[in-house]
Amino acid sequence: MELTFTPANVSWNRPKSEYKKMAQEFLNYIKNPSYVFEESTMPLQLKIASIKQLLKFKLSLLPIIFLVIFITKKLTGAESVAWDKNWTNYLMIVAFAPIFEELTFRYALRCSKTAIAVMILMVVWLIVKFTVKSNQDIAFIVGITFSLIPVIRLAIKPFDNQLEKQWIRFFPFIFHFSAIIFGLMHLTNFEHINNYFLAIPLVCSQFVSGYVLGFVRMKFGLFYSMGLHAVWNFIASFPILIMLIAKLF
41 MELTFTPANV SWNRPKSEYK KMAQEFLNYI KNPSYVFEES TMPLQLKIAS
91 IKQLLKFKLS LLPIIFLVIF ITKKLTGAES VAWDKNWTNY LMIVAFAPIF
141 EELTFRYALR CSKTAIAVMI LMVVWLIVKF TVKSNQDIAF IVGITFSLIP
191 VIRLAIKPFD NQLEKQWIRF FPFIFHFSAI IFGLMHLTNF EHINNYFLAI
241 PLVCSQFVSG YVLGFVRMKF GLFYSMGLHA VWNFIASFPI LIMLIAKLF
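The opening position of the sequence shown corresponds to residue 41 in our numbering, with each subsequent residue numbered one higher.
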């Protein structure tokens, strides 16, 4: 089922309780994800205002998220993976990761040959990253893989119409699968886990992000989900920024 935003039902015509209505719209959407059209007629300032409400929604969940992670760490023996806190890694978190992860997990939510090709290649890159040890081998494989984008697009082209129909038909599954895999991937942020099944709550924050960012991608567009992702990573890594700035003095 496709939803269209007509003057009678546009969600941004709401004078009060902006936060509650946006939160409710989001929750209703994830209950029944639909292949909606983007809000192309909504003014930029209203798009940003709506996205700010979604950011507030996730921030409101932080006390619960912190408690769940704390308890899960105690139960599973998990520890956060140590990493070098330098400017390069900080910029990777705030700037590069949002772009890469949105291209991998959200770009192809809206069906297109290029989006599917990029998603396939990003998944290959992730597999290579965690299985190949040599940096030279990684660079070679990634280079070869990205050169295949035109080939994949041509291979998909004969199935364009049928592919889009099936994409829309199975979109609820695709949407949930994208959010869940996005969350599970972040289990690599932890080590010394003695029970991976019990450790799943460690990535409850990423599960929430996967659904929020998927909703933003479908409702407002990919660049907005990238922007919200970057803002969230900036907030989450703000203590690291303070530490890096302090080292300059």
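We put the CB at the ideal spot given by N, CA and C, even for glycine. Just so it is clear, the structure is predicted and the values come from calculations on it, not from any experiment.
- Annotation for Gln246: Phe222, Gly223, His226 place their beta carbon closer than 7 Å to its own, counting only its chain and skipping 5 residues before and after.
- DSSP places Met82 in no alpha helix (DSSP H); its state is neither H nor E.
- Shown here, Ser187 sits in coil according to DSSP, grouped into three states, outside any helix or strand.
- Sequence-distant partners of Asn234 (beyond 5 residues in either direction) whose C-beta falls short of 7 Å from its own C-beta, in its chain, are Thr116, Gly117.
- Judged by DSSP in its simplified three-state form, Phe106 adopts helix.
- Here Trp272 is buried. Its C-beta has 16 or more other C-beta atoms within 10 Å.
- Leaving aside the five residues that flank Gly261 on each side, the residues in its chain whose CB is nearer than 7 Å to its CB run, in chain order, Glu78.
- Setting aside the 5 residues that flank it on each side, Ile192 is surrounded in the same chain by Ala157, Ile160, each with a C-beta closer than 7 Å to its C-beta; the list follows chain order.
- Distances from the alpha-carbon of Ile208 to those of Tyr69, Phe230, Val76 put Val76 closest.
- Between Gln93 and Glu58, the C-beta spacing is below 7 Å.
- If you compare the alpha carbons of Gly250, Arg150, Thr228 with that of Leu203, the shortest gap goes to Arg150.
- Taking a cut-off of 8 Å for Cβ pairs, the region 270-285 and the region 236-243 do not touch, as fewer than three such pairs fall below it.
- Residues Lys125, Tyr130 of the same chain have their beta carbon placed closer than 7 Å to that of Ile280, with the five preceding and five following residues left out of the count.
- Per DSSP, reduced to three states, the secondary structure at Ser120 is strand.
- Ser90 is positioned such that its CB atom lies no closer than 7 Å to that of Met132.
- If you draw a straight line from the Cα of Lys114 to the Cα of Ser218, it comes to about 28 Å.
- When secondary structure is reduced to three states using DSSP, Phe210 falls in the coil class, being assigned neither helix nor strand.
- Cβ contact annotation for Val248 (same chain, cutoff 8 Å, sequence separation greater than five): Lys98, Leu101, Ile105, in chain order.
- Looking at the backbone, the Cα of Ala137 and that of Asn201 are separated by about 32 Å.
- If the five residues before and after Val108 are omitted, its C-beta is found closer than 6 Å to the C-beta atoms of Pro241, Cys244, all from its own chain and listed in chain order.
- Under the three-state reduction of DSSP output, Phe217 falls in the helix class.
- Contact annotation, Lys197 with Lys153: C-beta distance approximately 6 Å; criterion of less than 8 Å satisfied.
- Counting only residues of its own chain and dropping the five nearest sequence neighbours on each side, Gly254 has a CB closer than 7 Å to the CB of Arg146, Leu149, Phe215, Ser218, Ala219.
- DSSP places His269 in the uninterrupted alpha helix (DSSP H) bounded by 262-276.
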